[in-house]
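In our numbering, the protein residues as written are 20 to 245.
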């Protein structure tokens, strides 16, 4: 059946996802450090398995071969938070935090889906994005990792450089990673932007602002303490 934005199915899916995102860290917070480590590694492994399975999903559903490449920002966020949860490298948490916190949330609220459940793309889409947010929340609440202002600057700069490479890849492959070259085929917030490539004039400053808003609670907390 066609996907209906904020329809009953969509709302139920969001409720289930957010319940899991809230409950798992809450339960884990009551556990020992060793058990928290097991939780973290488990979430990381599940995310990596999901990303590998996405390659097979692309071929199974007859998508273009380049759709199997995990180059969407949400794919990179999922991989980054998985690496952090398994190996505890802070850089990967920061990448996932800035790329995934807003990106995965927006993707879940305005998903790039034309069909709802039981279409084969529906569950993997929400599973991947919800697990990414879960990993970020788990890191913040259970592993006590957090971004600093220098991380905001670093990830913003990394995003700008990465966007250039992604844009070139899109031109070479005819792909649309990060939605840099054209708008999604279904209704999203990008519909309110100018047509590509002019939408970048709004998208780039918006990303910088969204990253800052994402970091702002920590900035306020630090200034309150000082």
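Every residue, glycine too, gets a C-beta built ideally from N, C-alpha and C. The structure displayed is predicted, hence computed values, not measured ones.
Inset, instruction - Would you mind working out which of 217, 35, 192 sits nearest residue 202, comparing C-alpha positions? - result: 217
Legend entry - C-alpha distance - residue 31 paired with residue 127, whole-angstrom precision: 12 Å
Legend entry - Endpoints, the alpha helix (DSSP H) within which residue 33 is located: 27 to 48
Inset, instruction - Return the first residue and the last residue of the alpha helix (DSSP H) that residue 189 is part of. - result: 168 to 192
Legend entry - Short Cβ contact (8 Å threshold) for residue 150 with residue 66: yes
Legend entry - alpha helix (DSSP H) runs contained entirely in the region 81 to 169, provided each spans 4 or more residues: 92 to 106, 109 to 128, 141 to 160
Inset, instruction - Leaving aside the five residues before and after residue 37 along the sequence, list all residues of the same chain whose C-beta is less than 7 Å from its C-beta, in chain order. - result: none
Inset, instruction - Label residue 131 either buried or exposed according to how many other C-beta atoms from any shown protein chain fall within 10 Å of its C-beta, with 16 as the threshold for buried. - result: buried
Inset, instruction - Can you tell me which of the three DSSP states residue 236 falls into? - result: helix
Legend entry - Nonlocal neighbours in the same chain, by C-beta distance under 6 Å from residue 104, ignoring five residues either side: 59, 62, 63, 154
Inset, instruction - Spell out a yes or no on whether the region 49 to 59 and the region 83 to 95 are touching, meaning 3 or more CB-CB pairs, one atom from each, closer than 8 Å. - result: no
Inset, instruction - Please go through the same chain and pick out, in chain order, the residues whose beta-carbon is closer than 8 Å to the beta-carbon of residue 212, but skip the five residues on each side of it. - result: 202, 218, 221, 222
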